[in-house]
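Read the structure below first, then the notes.
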Amino acid sequence: MSWDSALDNSTTGVWARIYAPKLPGKLPLLVYFHGGGFCVGSAAWSCYHEFLVQLATTAGCVIVSVNYRLAPEHRLPAAYQDGIAAMTWVRQQASGGWWRSHVDFDRAFLCGDSAGAAVAFNVAVQLGPSAGLRGLILIQPFFGGESRTASERNSVQSAARSALTLAASDAYWRMALPAGASREHPWCNPLSRGSPRVEQLRIPPMLVCISEMDILKDRNLEFCKALRGGGKSVEQVVYGGVGHAFQILHNFYHLSKPRTHELLTHIKGFVNSR
113 MSWDSALDNS TTGVWARIYA PKLPGKLPLL VYFHGGGFCV GSAAWSCYHE FLVQLATTAG
173 CVIVSVNYRL APEHRLPAAY QDGIAAMTWV RQQASGGWWR SHVDFDRAFL CGDSAGAAVA
233 FNVAVQLGPS AGLRGLILIQ PFFGGESRTA SERNSVQSAA RSALTLAASD AYWRMALPAG
293 ASREHPWCNP LSRGSPRVEQ LRIPPMLVCI SEMDILKDRN LEFCKALRGG GKSVEQVVYG
353 GVGHAFQILH NFYHLSKPRT HELLTHIKGF VNSR
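Heads up: the sequence shown begins at 113 in my numbering, then just goes up one per residue.
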């Protein structure tokens, strides 16, 4: 069962699609942010709808998939602000009849893929413990930097295998970041000098899902290593033979479906353990 709900009719037009599997008892809550380089994508895209139906059923959770504002019309931090507003809206539903009887608000998670993973991470960082999150699930998080990693330089740029090329990544950041900002901006590179020190971050345990053929692979691995070095709880999984956004590219590459099954299983295990 799914339906759409407006989160803000007056100013931003942000809305969400809610997925509620028909399962007994109160279910964990997962607030999800779609990918698309901050510039494209929608919670209404059929590929996301199909993926989140699977995720809600497999992990046994209610999902709120947020349709946030996009660049270049709405540059960052608009998407991050919409993520925070979505969390406020979600908490306001706790007193409502259906939500109160179907959702365990003490077991809330943030999740996203690509740019949506960056939204989830930044929302968790900004809200800190006040968000009351049990965990953070980042799928191929879209981070950047001025220095090129080995995977950015050497990965095969195949649209059939991976949804993100280096040229597209650079273009997305040019349109999404504040005008004139470099890819060392903290909203792009969480490990840059201007970003908060990892040791100071007050964030919940994380599951980071990485694709072997993704140009972001090395940057994602460096991110996990840095957070562990700062004392954070980080589980990482690398999915072999697939590229960026494999979980929504089933018609393009034969390994996408089996790797998506693995991804769903890992997310289920992470949610159920908390």
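Glycine is no exception: its CB is placed at the ideal position from the N, C-alpha and C atoms.
None of these values were measured; they are calculated from a predicted model.
(request) Could you check how far apart the C-beta atoms of Ser226 and Gly147 are, in whole angstroms? I think they sit under 8 Å. (result) 3 Å
(request) Give the straight-line distance between the Cα atoms of Phe150 and Pro189, rounded to the nearest whole angstrom. (result) 10 Å
(message) Helix, strand or coil, according to DSSP, for Cys300 in the structure here?
(response) coil
(request) Could you say which of Met318, Glu334, Thr372 lies nearest to Ser385 if we only look at CA atoms? (result) Met318
(request) Over the uninterrupted beta strand (DSSP E) stretch that includes Pro317, give me the two end residues. (result) Careful: Pro317 lies outside any beta strand (DSSP E) and carries neither H nor E.
(request) Rounded to whole angstroms, what's the CA-CA distance from Lys134 to Met113? Just pull it up for me. (result) 7 Å
(message) Quick test of your reading: Gln252 and Ala357, contact by CB under 8 Å. State the CB separation rounded to the nearest angstrom.
(response) 7 Å
(request) Give the DSSP-derived three-state secondary structure of Glu347 in the structure shown. (result) strand
(request) Give the straight-line distance between the Cα atoms of Cys159 and Arg314, rounded to the nearest whole angstrom. (result) 33 Å
(message) Taking the straight line between their C-alpha atoms, what separation do you get for Leu222 and Arg295?
(response) 24 Å
(request) Give me the Cα-Cα distance between Val152 and Glu185, rounded to the nearest whole angstrom. (result) 11 Å
(request) Classify Gly228 as helix, strand or coil using the three-state DSSP reduction. (result) helix
(message) Quick check: Thr388 and Asp330, are their CB atoms within less than 8 Å of each other?
(response) The structure shown does not extend to residue 388, since the chain spans only 113 to 386, so no value can be given for it.
(request) Would you please state the rounded distance, in angstroms, between the beta carbons of Thr443 and Leu376? I believe it to be under 8 Å. (result) One cannot answer for residue 443 here, as it falls past the ends of the chain, which runs 113 to 386.
(request) Closer than 7 Å by C-beta to Tyr284: which residues in its own chain qualify, once you throw out the five before and the five after it? Chain order, please. (result) Gly149, Phe150, Cys151
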